[in-house]
Structures are given as C-alpha cells and as structure tokens.
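Number of protein chains: 2
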Amino acid sequence: MKGQYVVQQGDVCKYENFVLSGCLKTFYVDPEGQEHIVMFAIEDWWTSDLGSFINQAPADFNVQCLENSEVAQISFEDLEKLYLEIPQLERFFRIIIQKGFASSLKRIVNNFALPAKERYLKFRVQYPQIEQRVPQYMIASYLGMTKEFLSKIRSQLIDEQS
Amino acid sequence: MKGQYVVQQGDVCKYENFVLSGCLKTFYVDPEGQEHIVMFAIEDWWTSDLGSFINQAPADFNVQCLENSEVAQISFEDLEKLYLEIPQLERFFRIIIQKGFASSLKRIVNNFALPAKERYLKFRVQYPQIEQRVPQYMIASYLGMTKEFLSKIRSQLIDEQS
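As structure tokens, then:
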C-alpha cells in the first residue's frame, strides 16, 4: 500500500526486499524532522537498510512505498541458509552489491564535484523512470538540494530548450 | 613508493589491490584540476576503482600511494577464475563489499544531513588511524569541505576542550 513502511528507522531491518511492482524510497529523518532520501527502488530492484540487515542492528533509514507496491521479502535467516545451500547466490548478490557500491562512490564524488544542474541532468539520464514517477521535491532531496533550487534549475533548462 | 599511482583516471583498472602496508587515497580530479577524495585505504583494506574494475572500463578515479606502500594485486581475469575455483571467495567479497556499500550510503546521507563539525567528529571516531596518517587538507577533501573550514572546526574543538 502507498505510504506503507517496509523498514522503520530504529527497528532492525529483518528482510531484503525485491520489488515486483511499485516504487519505494529509502530515507533518513534527521532530529529536526527533515527527510533525506538515500535511494529509490522500482521494479526488479532490491531495497532494504543494508547496514541494518547485514548486522541485524537498528536501522538508520526508513523504506516506504511511494506507490502501491508488491515486494518479495527474504529474511536474514532464510537468506543465510540459502547462501549455504546455493553458493551461486553469493555470486548473484556479490555482483548486484558491487554495482550498487561502485555507483554510490561515484555519487559521493559527484555531490562534491559537480554543479547542481549537472547532477540533476545525470540523474535524469541514469534514472529516467524514477524522474517520471517521483515528486520533484523527493528528487531534490535525493540530490541534496532544496526543492526551490531544483525548480530553478528546471526552469533554466526549459528556457534553454525553447 | 610514495606518490606512485596504482590506478589512473581514464585507464582501465586492471587489479584489485590488497594493502599489505602503507596508505593510499582514491580520488577524482575535476576539469578545473581540483582533487576530490573518495576514500583512503590502509593495511588490510582493499582498494581500486571498483566501477572500472568490474566493468573493465575507463576509471573515474585515481588511486595513489600516500606512503611507501606494499600492495598485493589480483587481476580481473585471475579473480574471475578464482571465483569459479573457490566459491567461498564469492562469499568473502560479498561480505566485504556489503559493508563498504552500507557505509557509503550512510556517508551520502551524513553529507546532506550532518553539520560539518559532526561529520568530522564521526570521521575521527570511525577512522582514528587515518586521521593520524593523512594530511588535514586531504581529510577536508574527503569530508567535502575546504581545508580552511576544517581548520576552523579543529580550532573550535580545541577551544571547547580547554
């Protein structure tokens, strides 16, 4: 259901979640109540609070459905068992996680090195589907800028195109 | 050798590097020639340009020795062979990479959500050894702030302690 939480900040993240349909966001709420979006997930993506899941420790992040979503869940215990039974699964997750890690490192540097406009353009090219499904203020949060600033960038881009 | 490059931006990163001794930095040089530090690596850490290594594509980052360093290298081809021969290696790397990915996601959010001073304090707690071995201006770059700003934070902290 739209609005439903799959993981709640402070709880232990018990499941890895594979998105069958829908769209979810992973976010941190700071002590002032402000939301900071870490990632989105759409069909065929995995989502969780990875740090919480692997350590079975309290989650830093929330994961919440932005649309009515279907999610296949696997528990920490079941996944550990499956790793032992099906060693190829280690490979499967090793490869997925490598890609995620590599892209998060690029994101860290882009956040420091790229002007906001270029960061937004990169996001649009990399995640065109998310751009269309997610409200602009959430994209602004993901990119680490205010919604007013993103709106200004979008106006500039429209002016440039016309 | 101090100053030596293990990976150069634009080249394909052919090796995963295990640090036997020494200290290295992974960084991006932007078109204006400014350096942005992605990560450091000391003894017992792995370092490379992961995105370049897994795709065997041009590297976004440089990896350079900050001290005289000994590094054990494994090539992409050899590692792929080893994965097939020793399935436990998939598990080994899956676990290491998961930890790295989880901590990089926290770092992305901290960069948005935490004031600079708290980011610096977190860094000191998390990586006390790196704090001692690496020049301050590099730590400032890793934390996404100017060296002047980090220096101001450090002065404030000293004042608070006295």
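Here the protein sequences line up with chains A and B, keeping their order. Residue 1 is where the first sequence starts when you use the working numbering, and the numbers rise one by one after that. Residue 1001 is where the second sequence starts when you use the working numbering, and the numbers rise one by one after that. C-beta atoms are modelled at their ideal positions from N, C-alpha and C, and glycine is treated no differently. Computed from a predicted structure; not experimentally measured.
Just verifying my parser: in three-state terms, what is the DSSP assignment at residue 1/A?
In the first sequence, the residue the question calls residue 1/A occupies position 1. Three-state result, residue 1/A: coil.
Ends of the beta strand (DSSP E) at residue 1075/B?
Numbered from 1 along the second sequence, position 75 holds the residue referred to as residue 1075/B. Per DSSP, the continuous beta strand (DSSP E) segment holding residue 1075/B begins and ends at 1070 to 1075.
Tell me whether residue 1155/B is buried or exposed, calling it buried when 16 or more other Cβ atoms sit within 10 Å of its Cβ.
On the second sequence, residue 1155/B is found 155 positions in, with the first residue counted as 1. Answer is exposed; the Cβ neighbour count stays below 16.
Less than 8 angstroms between the CB atoms is what I'm expecting for residue 75/A and residue 25/A, so what's the real figure, rounded?
As a position in the first sequence, residue 75/A is number 75, starting the count at 1. As a position in the first sequence, residue 25/A is number 25, starting the count at 1. With 8 angstroms as the limit, residue 75/A and residue 25/A do not qualify as a contact, their Cβ atoms being about 22 angstroms apart.
Which same chain residues end up closer than 7 angstroms to residue 1056/B when comparing Cβ atoms and leaving out the 5 residues on each side of it in sequence?
Translated into positions along the second sequence, residue 1056/B becomes position 56. Within the same chain, residue 1056/B has close Cβ partners 1012, 1076.
Taking contact to mean at least 3 C-beta pairs separated by less than 8 angstroms, is the stretch 1091 to 1103 of chain B in contact with the stretch 84 to 99 of chain A?
yes
Judging by CA-CA distance, which residue of 1021/B, 1041/B, 1063/B, 1006/B is the nearest neighbour of residue 1127/B?
Working through the second sequence from its first residue, we reach residue 1127/B at position 127. Selected option, being the one with the closest Cα: 1041/B.
Could you work out which residue in 29/A, 140/A, 65/A is closest to residue 119/A when comparing CA atoms only?
Translated into positions along the first sequence, residue 119/A becomes position 119. With distances taken between Cα atoms, residue 119/A lies closest to 140/A.
Here's the rule I'm using: 16 or more other beta-carbon atoms within 10 Å means buried, otherwise exposed. How should residue 51/A be labelled?
As a working mapping, residue 51/A is identified with position 51 in the first sequence. With a 10 Å radius around the Cβ and a threshold of 16 neighbouring Cβ atoms, residue 51/A comes out buried.
What distance in whole Å lies between the Cβ atoms of residue 1069/B and residue 1021/B, which are believed to be in contact at a cut-off of 8 angstroms?
Against the second sequence, residue 1021/B aligns to sequence position 21. Against the second sequence, residue 1069/B aligns to sequence position 69. Going by Cβ atoms, the distance from residue 1021/B to residue 1069/B rounds to 6 angstroms, so yes, they are a contact pair.
Leaving out five residues before and five after residue 1136/B in sequence, what residues of the same chain have Cβ atoms less than 8 angstroms from its Cβ?
Stepping through the second sequence from its first residue, residue 1136/B is reached at position 136. Excluding residues within five positions, the ones whose Cβ falls inside 8 angstroms are 1147, 1150, 1151, 1154.
Can you check whether the C-beta of residue 104/A is within less than 8 angstroms of a C-beta belonging to chain B?
Position 104 of the first sequence, counting from 1, holds the residue named residue 104/A. Chain B, which has a Cβ nearer than 8 angstroms to the Cβ of residue 104/A, makes this yes.
How far does the beta strand (DSSP E) with residue 1040/B in it extend, from its first residue to its last?
Taking the first residue of the second sequence as 1, we reach residue 1040/B at position 40. Taken as a continuous stretch (DSSP letters only), the beta strand (DSSP E) holding residue 1040/B covers 1035 to 1042.
Does the separation of the CB atoms of residue 1059/B and residue 1109/B fall below 8 angstroms?
Here residue 1059/B refers to the residue found at position 59 of the second sequence. Here residue 1109/B refers to the residue found at position 109 of the second sequence. A distance of 8 angstroms or more separates the beta carbons of residue 1059/B and residue 1109/B.
Using a Cβ-Cβ cutoff of 7 angstroms, what residues of the stretch 1023 to 1050 of chain B are near chain A? List them in chain order.
For the stretch 1023 to 1050 of chain B, the residues whose beta carbon sits under 7 angstroms from a beta carbon of chain A are, in order, 1028, 1030, 1036, 1038, 1050.
In angstroms with no decimal places, state the Cα-to-Cα distance between residue 1138/B and residue 53/A.
Your numbering for residue 1138/B matches position 138 in the second sequence. Your numbering for residue 53/A matches position 53 in the first sequence. Each residue's alpha carbon lies about 32 angstroms from the other.
Of all the options 1082/B, 1117/B, 1132/B, 1078/B, which has the alpha carbon lying nearest to the alpha carbon of residue 1160/B?
Residue numbering aside, residue 1160/B sits at position 160 when the second sequence is read from its first letter. Of the candidates 1082/B, 1117/B, 1132/B, 1078/B, the one whose C-alpha sits nearest the C-alpha of residue 1160/B is 1117/B.
Run the CB neighbour count on residue 86/A, radius 10 Å, all protein chains shown included, and call it buried at 16 or more, exposed below.
Taking the first residue of the first sequence as position 1, residue 86/A is located at position 86. Exposed, since its Cβ has fewer than 16 Cβ neighbours within 10 Å.
From the beta carbon of residue 1080/B, is the nearest beta carbon of chain A less than 8 angstroms away?
In the second sequence, residue 1080/B corresponds to position 80, counting from 1. Output row for residue 1080/B: interface = no.
Do residue 1027/B and residue 1035/B have their beta-carbon atoms positioned less than 8 angstroms apart in this structure?
The residue given as residue 1035/B occupies position 35 in the second sequence. The residue given as residue 1027/B occupies position 27 in the second sequence. In contact: residue 1035/B and residue 1027/B (Cβ atoms closer than 8 angstroms).
Which residues of chain A have a Cβ atom closer than 9 angstroms to the Cβ of residue 1054/B, listed in chain order?
Locating residue 1054/B in the second sequence gives position 54, where the first residue counts as 1. Simply 95, 98, 99, 102.
Do the CB positions of residue 1038/B and residue 82/A come within less than 8 angstroms of each other?
By one-based count along the second sequence, residue 1038/B stands at place 38. By one-based count along the first sequence, residue 82/A stands at place 82. Going by C-beta atoms, residue 1038/B is not nearer than 8 angstroms to residue 82/A.
Whole angstroms is fine: what's the gap from residue 4/A's alpha carbon to residue 47/A's?
For this step, residue 4/A is matched to residue 4 along the first sequence. For this step, residue 47/A is matched to residue 47 along the first sequence. Computed Cα separation, rounded: 14 angstroms.
Once the 5 residues before and after residue 66/A are set aside, which same chain residues still bring their CB inside 8 angstroms of it?
Working through the first sequence from its first residue, we reach residue 66/A at position 66. Only 2, 22, 23, 24, 25, 40, 133, 134, 138 meet the Cβ criterion.
In terms of residue numbering, what span does the alpha helix (DSSP H) encompassing residue 125/A cover?
Sequence index remark: in the first sequence, residue 125/A carries index 125 (1-based). According to the DSSP assignment, residue 125/A belongs to the alpha helix (DSSP H) that extends over 116 to 126.
Relative to the alpha-carbon of residue 1113/B, which residue among 44/A, 61/A, 19/A, 18/A has its alpha-carbon at the smallest distance?
To locate residue 1113/B, count along the second sequence from 1; it is residue 113. If we check each option's Cα against that of residue 1113/B, 61/A comes out closest.
Going by other Cβ atoms of all chains shown within 10 Å of its Cβ, with 16 needed for buried, is residue 1143/B buried or exposed?
Taking the first residue of the second sequence as 1, we reach residue 1143/B at position 143. Classification for residue 1143/B: buried.
Name the chain B residues that come within less than 9 angstroms of residue 144/A, Cβ to Cβ?
Taking the first sequence and counting its residues from 1, one reaches residue 144/A at position 144. Neighbours of residue 144/A on chain B, chain order: 1108, 1111, 1112.
Tell me whether residue 1027/B sits in a helix, a strand or coil according to DSSP, three-state version.
Here residue 1027/B is taken as the residue at index 27 of the second sequence, counted from 1. Of the three classes helix, strand and coil, the one that applies to residue 1027/B here is strand, per DSSP.
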